[in-house]
Amino acid sequence: MADDVGSARRINARNVTVRDTGGDRGRGIFASRDFLPGEVVMVGLLDRLEKARTAHSIQMDWNVHALFEEPAIFVNHSCDPNLAIVPNRFRAYDFISVQEISPGVELTWDYATSEFECIGVPVCLCAAANCRQAAGGFSTLPPDHPLLLAGFYAPYLKRNSG
Ligand SMILES: [Zn+2]
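So this is what it looks like as structure tokens:
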């Protein structure tokens, strides 16, 4: 498992770069190479669990909120993301490309696919044509949203709360 973590970190270091977005969104994650749809762009690794939701936590279960290691903790939200989340063996999420991605492009995922409620993005700055403006949580996604139809959302959201 320790070796697994080491190779996951090497994959992340090879695939992505952390830098300032040059805007209001602080740091972001950028592709370091080309990706085809369906590739693991980043392997999420748990840093620690949090007692409650924070602006940077990622929801793993109804009452489980985690902080991921860098670089995943710096991935920004978009209402039109190029990444989707899939549970991985580290009890975190992998970030999978859902479209072709060129080097230098900012990587994003839709926080509403992991967060039942979303406090990280009070006013959405993603600038996507289909931006939902105030980024709410999972319940604000329409049932025919492509990421939901594709199953790219947190497994706990597929079960009833409690
Ligand atoms: Zn948006």
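Be aware that the sequence shown starts at 1, since it is given in the UniProt record's numbering, and climbs by one per residue.
Here a beta-carbon is modelled for each residue, glycine too, at the ideal position from N, C-alpha and C.
At a Cβ-Cβ threshold of 8 Å, P103 and D34 count as neighbours. Around the C-beta of A128, fewer than 16 other C-beta atoms lie within 10 Å, and the residue is accordingly described as exposed. If you draw a straight line from the Cα of I101 to the Cα of L147, it is about 17 Å long. Three or more beta-carbon pairs drawn from the segment 148-156 and the segment 66-86 are found closer than 8 Å, and the two stretches are therefore classed as touching.
Taking 3 residues as the shortest admissible run, the UniProt domain "SET" (14-112) contains the following complete beta strand (DSSP E) segments, listed from N- to C-terminal end: 16-20, 27-31, 40-43, 46-50, 58-61, 64-68, 83-87, 93-97 and 106-109.
With 5 Å as the limit, the residues whose C-beta approaches any heavy atom of ligand 1 more closely are C79, C124, C126 and C131, in sequence along the chain. With fewer than 16 neighbouring CB atoms inside 10 Å of its own CB, S7 falls in the exposed class. The way I'd put it, the segment 105-124 does touch the segment 41-55; three or more beta-carbon pairs between them come closer than 8 Å. In the three-state scheme derived from DSSP, where H, G and I count as helix and E and B as strand, I119 is classed as coil. For L147, the enclosing alpha helix (DSSP H) starts and ends at P146 to L149. For the pair D47 and L67, the Cα-to-Cα distance works out to about 5 Å.
Nearest Cα to V121 within the set N76, F90 and N130: N76.
Non-local C-beta neighbours of A112 in its own chain, meaning closer than 7 Å and more than five positions away in sequence, comprise C118, A135, G136, G137, F138, T140 and L141, ordered along the chain. Taking C-beta atoms as the reference points, F30 and V16 count as a pair closer than 8 Å. When the five nearest sequence neighbours on each side are left out, the beta carbons in the same chain lying within less than 7 Å of the beta carbon of C131 are those of C79 and C124, in order along the chain.
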